[in-house]
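A.B. asks: Which chain is which? The protein sequence lines are B and C, in order.
Heads up: the first sequence begins at 39 in our numbering, then just goes up one per residue.
Heads up: the second sequence begins at 142 in our numbering, then just goes up one per residue.
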Amino acid sequence: MNCTLPKLIGIVSLSMALLIFTGSTVALAQRPANPTGTFSSMYYNEEGGDLLGIEIRIVYTNKGFQGTIQDAQGEPDELTLITATIDDDNNVTISFTDPSTANPVTISGRITKAGIEKKTGWGMGGKILKRAPSYWEERRRTSPP
Amino acid sequence: MNDPFKSKSLGEILSPKPAGDRKPVKWHGRPGETKPLWAILGNEPPIAWQLEQEGLARRQPDVVPVQLAQAETNEPFGPPTPALVPIDVPGKGRAYFDPEVAANVQDFIDRTRQAEMDVPFTSGFRSTIGQKGLLTDPTATTPAPPGNSLHEAGRAFDISLNNKDKTQRYSEKQLKEIVDFARQSGFNWGGDFRKPDPGHFFIEVPEGIGNRRSRIQRAQEYYRNGLDSR
Chain B
39 MNCTLPKLIG
49 IVSLSMALLI
59 FTGSTVALAQ
69 RPANPTGTFS
79 SMYYNEEGGD
89 LLGIEIRIVY
99 TNKGFQGTIQ
109 DAQGEPDELT
119 LITATIDDDN
129 NVTISFTDPS
139 TANPVTISGR
149 ITKAGIEKKT
159 GWGMGGKILK
169 RAPSYWEERR
179 RTSPP
Chain C
142 MNDPFKSKSL
152 GEILSPKPAG
162 DRKPVKWHGR
172 PGETKPLWAI
182 LGNEPPIAWQ
192 LEQEGLARRQ
202 PDVVPVQLAQ
212 AETNEPFGPP
222 TPALVPIDVP
232 GKGRAYFDPE
242 VAANVQDFID
252 RTRQAEMDVP
262 FTSGFRSTIG
272 QKGLLTDPTA
282 TTPAPPGNSL
292 HEAGRAFDIS
302 LNNKDKTQRY
312 SEKQLKEIVD
322 FARQSGFNWG
332 GDFRKPDPGH
342 FFIEVPEGIG
352 NRRSRIQRAQ
362 EYYRNGLDSR
């Protein structure tokens, strides 16, 4: 019996520690991802000598979330200012004027730690746009990040 | 009797006076002018000198600047062939191409228009500075670093993979149709690269991939010499 009490205390302590650790992990996992950041699939295709992909940067301003978007299908389009509306679940709606067509464009999706998921609009069917350093900071060749 | 079929000397044709009425020609040197060989030897002056004395050679200056202008180019047999020609392409407006592939580009545009696709272009000729802007990496060696891309020779173009309004991407079927049109127009497709570039179409230089430099240099030189102002 004398041996059992310390054992019991040890087990309880370990269980509590495990519980606290698991709880904090779950809480961390549930905490919404930071909605700001850079999301990029831009890379240089060496064989064609072309820049391909898209890059979105979202920052916070005193007017709400804003940022830039740049599309590259051979050569990069001009940098375009975007407005991002983000709700509590990190669902995002990005609005801007397409520089090549002058049409208003809306892209929707959800911002996660991995990137912008389930994108729709502007021909961006479903693929994730990963969080990655800007192409202009970290030039990538051969394949997207 | 005057024979109309009698051949005349050049002097008779050009001279306003009959040859027999001419006074003997003497050379009068101007200050600092070297006496020509014909005068030293006491020979007849050459016909060019005679014409000059009679004012008949004044027409020549009209010709000389043209000859000089031609001599300044590397094309001694006529006006230089442009290294790049403009074509109005959908989605971009004016783009420039090597004259050797310009007809192919136009043929591709015509084919897509006939199919009511009006595929938007995103790129044609690109300056080497523009190419460097895409990738400044001194370690880039193969196969299309700045200075070696067919865009810099005006022999490649890119299309948008989105439709004209950019509302959606071309379906695989539509893209295949576009690629078929490009192939029928003589272009190769970047979708066949090891790392596919599906919006890229090109015609390799006839001399082969290892000999792009001279074509690129020619196009870039043409561009630098004022393509912007054309």
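Backbone N, C-alpha and C define an ideal beta-carbon position, used for all residues, glycine too.
Model, not experiment: these values are computed from the prediction.
Near Pro-223(C), what residues of its chain come up, given a Cβ to Cβ distance below 7 Å and the 5 sequence neighbours on each side ignored?
C.D. replies: For the purposes of this step, residue 223(C) is identified with residue 82 of the second sequence, where counting begins at 1. Cβ neighbours of Pro-223(C) beyond the five flanking positions: Pro-240 and Tyr-363.
A.B. asks: Note down, in chain order, every chain C residue with its Cβ under 7 Å from the Cβ of Leu-90(B).
C.D. replies: Sequence index remark: in the first sequence, residue 90(B) carries index 52 (1-based). Going along chain C in sequence order, the residues near Leu-90(B) (Cβ under 7 Å) are Asp-338.
A.B. asks: DSSP puts Val-143(B) in a beta bridge; with which residues?
C.D. replies: The residue labelled residue 143(B) in the question sits at position 105 within the first sequence. Answer is Phe-134(B).
A.B. asks: Runs of 3 residues minimum, wholly inside the stretch 61–125 of chain B: which ones carry the beta strand (DSSP E) assignment?
C.D. replies: Complete beta strand (DSSP E) runs here, min 3: 75–78, 81–83, 88–99, 102–112 and 118–124.
A.B. asks: By the 7 Å beta-carbon criterion, what residues does the stretch 98–114 of chain B contribute toward chain C?
C.D. replies: So the list reads Gln-111, Gly-112 and Glu-113, given in the order they occur along the chain.
A.B. asks: Kindly give me the distance between the Cβ atoms of Tyr-311(C) and Gly-265(C), rounded to whole angstroms, as I take these residues to be in contact under 8 Å.
C.D. replies: Within the second sequence, the letter at position 170 stands for residue 311(C). Within the second sequence, the letter at position 124 stands for residue 265(C). Going by Cβ atoms, the distance from Tyr-311(C) to Gly-265(C) rounds to 19 Å, so no, they are not a contact pair.
A.B. asks: Can you look up Val-226(C) in the DSSP assignment and give me helix, strand or coil?
C.D. replies: Position 85 of the second sequence, counting from 1, holds the residue named residue 226(C). Here Val-226(C) sits in strand by DSSP.
A.B. asks: Strictly below 9 Å CB to CB, what residues from chain B border Thr-269(C)?
C.D. replies: Stepping through the second sequence from its first residue, residue 269(C) is reached at position 128. Chain B residues near Thr-269(C): none, gap ~11 Å exceeds 9 Å.
A.B. asks: State the Cα-Cα distance for the pair Gln-247(C) and Gln-255(C), rounded to the nearest angstrom.
C.D. replies: To locate residue 247(C), count along the second sequence from 1; it is residue 106. To locate residue 255(C), count along the second sequence from 1; it is residue 114. If I take the Cα positions, the gap works out to 12 Å.
A.B. asks: Classify Thr-42(B): buried if its beta carbon has 16 or more other beta carbons within 10 angstroms, exposed otherwise.
C.D. replies: Within the first sequence, the letter at position 4 stands for residue 42(B). The residue in question, Thr-42(B), is exposed, as its Cβ has fewer than 16 Cβ neighbours within 10 Å.
A.B. asks: Using 10 angstroms around the beta-carbon of Leu-276(C), count the other beta-carbons present and answer buried if the total reaches 16, otherwise exposed.
C.D. replies: Counted from its first residue, the second sequence places residue 276(C) at position 135. Burial call: buried.
A.B. asks: Between the C-alpha atoms of Ala-55(B) and Thr-144(B), what's the straight-line distance to the nearest angstrom?
C.D. replies: The count along the first sequence starts at 1 and reaches residue 55(B) at position 17. The count along the first sequence starts at 1 and reaches residue 144(B) at position 106. Their backbone Cα atoms lie some 47 Å apart in a straight line.
A.B. asks: Gly-87(B) versus chain C: which residues are under 9 Å apart at the beta carbon?
C.D. replies: Working through the first sequence from its first residue, we reach residue 87(B) at position 49. Chain C residues near Gly-87(B): Arg-267, Gln-272, Leu-275, Leu-276, Pro-284, Ala-285, Pro-286, Pro-287, Asn-289, Ser-290, Leu-291, His-292, Glu-293, Ala-297, Asp-338 and His-341.
A.B. asks: Quick one: is Asn-83(B) near chain C, going by C-beta distance under 8 Å?
C.D. replies: Walking along the first sequence from the start, residue 83(B) turns up at place 45. At least one chain C Cβ lies under 8 Å of Asn-83(B).
A.B. asks: Who are the Cβ neighbours of Lys-273(C) in its own chain at under 7 Å, not counting the five residues just before and after it?
C.D. replies: What you label residue 273(C) is simply residue 132 of the second sequence in a count that begins at 1. Excluding positions up to five away in sequence, the list reads Pro-287.
A.B. asks: If I measure Cβ to Cβ from Thr-106(B) and keep anything under 7 Å in the same chain, skipping five residues before and after, which residues do I get?
C.D. replies: Position 68 of the first sequence, counted from the first residue, corresponds to residue 106(B). Taken in chain order, the residues that qualify are Arg-95, Leu-117, Thr-118, Leu-119 and Ile-120.
A.B. asks: Does the beta carbon of Gln-208(C) sit closer than 8 Å to a beta carbon anywhere in chain B?
C.D. replies: The residue given as residue 208(C) occupies position 67 in the second sequence. Unreliable positioning characterises Gln-208(C) in this predicted model, as indicated by a pLDDT of 37, which lies under 50. A coordinate reading is not provided.
A.B. asks: Quick check: Asn-128(B) and Pro-171(B), are their CB atoms within less than 8 Å of each other?
C.D. replies: Reading the first sequence from its first residue, position 90 is the one you call residue 128(B). Reading the first sequence from its first residue, position 133 is the one you call residue 171(B). No.
A.B. asks: Would you call Ala-294(C) buried or exposed, if buried means 16 or more other Cβ atoms sit within 10 Å of its Cβ?
C.D. replies: Walking along the second sequence from the start, residue 294(C) turns up at place 153. Per the 10 Å Cβ criterion, buried.
A.B. asks: To the nearest angstrom, report how far apart Gly-102(B) and Gly-112(B) are at their CA atoms.
C.D. replies: The residue given as residue 102(B) occupies position 64 in the first sequence. The residue given as residue 112(B) occupies position 74 in the first sequence. Approximately 32 Å, taken between the alpha carbons.
A.B. asks: Take the Cβ of Ser-301(C) as the centre, count every other Cβ of all protein chains shown within 10 Å, and call the residue buried at 16 or more, exposed below.
C.D. replies: What you label residue 301(C) is simply residue 160 of the second sequence in a count that begins at 1. Buried: at least 16 other Cβ atoms inside 10 Å.
A.B. asks: Would you say Gly-232(C) lies against chain B (beta-carbon separation less than 8 Å)?
C.D. replies: Numbered from 1 along the second sequence, position 91 holds the residue referred to as residue 232(C). Yes, Gly-232(C) counts as interfacial toward chain B.
A.B. asks: So is Pro-261(C) buried or exposed if we call it buried at 16+ other beta carbons inside 10 Å?
C.D. replies: Translated into the one-based positions of the second sequence, residue 261(C) becomes position 120. With 16 or more other Cβ atoms within 10 Å, it is buried.
A.B. asks: Take Val-320(C) as the anchor and find which of Arg-335(C), Lys-336(C) and Gly-340(C) has the nearest alpha-carbon.
C.D. replies: Locating residue 320(C) in the second sequence gives position 179, where the first residue counts as 1. Here the closest residue by C-alpha is Gly-340(C).
A.B. asks: Specify the secondary structure class of Asp-259(C) as computed by DSSP and reduced to three states.
C.D. replies: Residue mapping note: residue 259(C) aligns to position 118 of the second sequence, counting from 1. Three-state result, Asp-259(C): coil.
A.B. asks: Just to make sure I have the definition right: I need the residues of chain B whose C-beta is within less than 9 Å of the C-beta of Lys-312(C). Which are they?
C.D. replies: Against the second sequence, residue 312(C) aligns to sequence position 171. Note that residue 312(C) is Ser in the sequence shown here, rather than Lys. Correct list: empty, because the minimum Cβ distance to chain B is about 10 Å.
A.B. asks: Distance, Cα to Cα, Leu-245(C) vs Ser-138(B)?
C.D. replies: Position 104 of the second sequence holds residue 245(C). Position 100 of the first sequence holds residue 138(B). For the sequence presented, residue 245(C) should be read as Asn rather than Leu. Distance between the alpha carbons of Asn-245(C) and Ser-138(B) is about 25 Å.
A.B. asks: Consider the Cβ of Thr-222(C): report whether some Cβ of chain B lies at a distance smaller than 8 Å.
C.D. replies: On the second sequence, residue 222(C) is found 81 positions in, with the first residue counted as 1. Not one chain B Cβ lies under 8 Å of Thr-222(C).
A.B. asks: For Phe-266(C), which three-state DSSP category applies?
C.D. replies: One-based indexing of the second sequence puts residue 266(C) at position 125. Residue state, collapsed to three classes: coil.
A.B. asks: So which residues of chain B does Gly-331(C) contact, with C-beta pairs closer than 8 Å?
C.D. replies: Here residue 331(C) corresponds to residue number 190 of the second sequence, with the count starting at 1. Ordered by position in chain B, the residues that pass the 8 Å Cβ test against Gly-331(C) are Asn-83, Glu-85, Gly-86 and Asp-88.
A.B. asks: Considering only C-alpha positions, which residue in the set Thr-150(B), Asp-115(B) and Pro-142(B) is nearest to Ile-124(B)?
C.D. replies: For the purposes of this step, residue 124(B) is taken as the residue at position 86 of the first sequence. Selected option, being the one with the closest Cα: Thr-150(B).
A.B. asks: What residues from chain B crowd round Arg-335(C), counting only those whose CB sits closer than 8 Å?
C.D. replies: The count along the second sequence starts at 1 and reaches residue 335(C) at position 194. Glu-85, listed in chain order.
A.B. asks: So which residues of chain B does Thr-263(C) contact, with C-beta pairs closer than 7 Å?
C.D. replies: Here the question's residue 263(C) lines up with position 122 in the second sequence. Per Cβ cutoff of 7 Å: Gln-111, Gly-112 and Glu-113.
A.B. asks: Within a Cβ cutoff of 8 Å, which residues of the same chain sit near Arg-148(B), ignoring the five residues on either side of it in sequence?
C.D. replies: Taking the first sequence and counting its residues from 1, one reaches residue 148(B) at position 110. Around Arg-148(B): Asp-127, Asn-128, Asn-129, Val-130, Ile-154, Glu-155 and Lys-156.
A.B. asks: Could you tell me which whole beta strand (DSSP E) segments of length 3 or greater appear in the stretch 314–369 of chain C?
C.D. replies: Runs of the beta strand (DSSP E) inside the stretch 314–369 of chain C: 341–343.
A.B. asks: Please confirm if Leu-316(C) has its CB atom under 8 Å from at least one CB of chain B.
C.D. replies: As a position in the second sequence, residue 316(C) is number 175, starting the count at 1. So no, Leu-316(C) is outside the interface.
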